[in-house]
Every structure is written in C-alpha cells, then in structure tokens.
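Accompanying notes for the structure given below.
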Amino acid sequence: MSFCNAKSSAKYCHDTYSVQCSRCLNVKDSAHVNPWIEVDLAERTVVSGVTTQGCRLMWEYTTQYKVAYKKQPQCDFDYVRDASGEIELFTGNTDGAGQVSNMFPESVIATVLRIELTALGNEMYCLRMELLGCRLE
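Residue numbers (full-length UniProt numbering): 1 to 137.
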C-alpha cells in the first residue's frame with residue numbers, strides 16, 4: 001500500500017530529503033536504545049508484509065527488525081509472530097540501495113504499526129519502508 005496524503009505526513013520532516021534519503025539514527029552519538037518508526041494508519045488496515053531499504057547516499061541500513069502493531073489505537077502492541085508463537089525477527093538489508101520484502105506468516109489487522117530496529121549495518125540505523133496490504137473497509 002503506497003499513498004501520500006494528509007494522513008501520511010511525517011511528524012518530523014526535513015525539506016531537503018528526497019526519495020533516496022531515509023530516517024537515520026546515529027547510534028554512536030545517541031542514547032537511543034531500541035529505536036523504532038511508527039505509522040498511524042488512521043483506519044483498520046490489513047498489513048501482509050514490509051519492504052525496506054536503507055539510505056543509498058550514506059550507505060547505511062538496518063539488518064534486522066521486528067514488527068509490532070495495534071488492532072485499535074487504545075490497545076496494547078502485539079507482535080508479528082512465527083509459526084511457533086515466537087516474535088518474528090525479520091531479515092533487513094545488506095546495503096543502502098537494495099530492497100528487501102518480508103511477508104508476515106499471517107496478515108494482521110492494524111490501526112498502528114511500529115517497526116522496531118534490532119540490528120544495523122555500519123554506524124546508523126537507516127530505514128525507508130513500504131507497508132504491503134490494503135484498507136479493510
């Protein structure tokens with residue numbers, strides 16, 4: 001699902017970012033532990049997977065992540081789980097330019113989705129993402 005409208009605007013934006021750039025967190029200079037990026041889907045949405053990329057300009061990327069979601073905004077987060085019920089750790093990127101698509105074992109219905117970054121390439125977590133799915137209604 002790719003869309004651009006008032007509901008998809010970023011909370012924090014840099015006017016000079018182009019589609020080649022991404023959100024990056026320099027872990028050397030940061031006290032951030034377990035960084036994440038969250039998307040408010042505004043409506044109940046079926047999400048089946050995620051496609052990720054790093055930042056090709058700085059050659060930074062995220063190598064592993066997990067996915068949390070809320071069925072309703074007031075609910076607690078749950079995680080995408082594997083067939084044995086364990087939290088699924090998804091393989092991310094190996095460079096800043098390539099795309100990696102990961103499908104969930106089962107689609108989830110979510111109003112909020114969070115990608116929790118668990119391992120990085122080089123010195124920064126960098127992530128561009130596209131959610132794969134469709135609106136429920």
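All C-beta atoms in this analysis are idealised placements derived from N, C-alpha and C, irrespective of residue type, glycine included. Fair warning: this is a prediction, and the values are worked out from it, not measured in the lab.
Roughly how many angstroms separate the alpha carbons of residue i and residue j, rounded to a whole number?
i           : j           : result
residue 73  : residue 95  : 34 Å
residue 93  : residue 62  : 6 Å
residue 82  : residue 105 : 6 Å
residue 99  : residue 115 : 16 Å
residue 57  : residue 77  : 33 Å
residue 97  : residue 38  : 22 Å
residue 102 : residue 43  : 22 Å
residue 68  : residue 120 : 18 Å
residue 84  : residue 75  : 23 Å
residue 70  : residue 91  : 22 Å
Tell whether a beta-carbon distance below 9 Å holds between residue i and residue j.
i          : j          : result
residue 65 : residue 89 : yes
Apart from the five residues on each side of it in sequence, which residues of its chain come closer than 7 Å, Cβ to Cβ, to residue i?
i           : result
residue 46  : 107, 109, 133, 134, 136
residue 118 : 64, 65, 66, 89
residue 48  : 103, 104, 107, 132, 133
What are the start and end residues of the beta strand (DSSP E) that includes residue i?
i           : result
residue 40  : 36-53
residue 105 : 100-121
residue 132 : 124-135
residue 64  : 61-70
Note down, in chain order, each residue of its chain lying with its Cβ closer than 8 Å to the Cβ of residue i, except the 5 sequence neighbours on either side.
i          : result
residue 87 : 66, 79, 80, 81
Tell me which same chain residues have a C-beta within less than 6 Å of the C-beta of residue i, skipping the five on either side of it?
i           : result
residue 122 : 60
Are three or more beta carbon pairs between the segment 114-134 and the segment 46-56 nearer than 8 Å? yes
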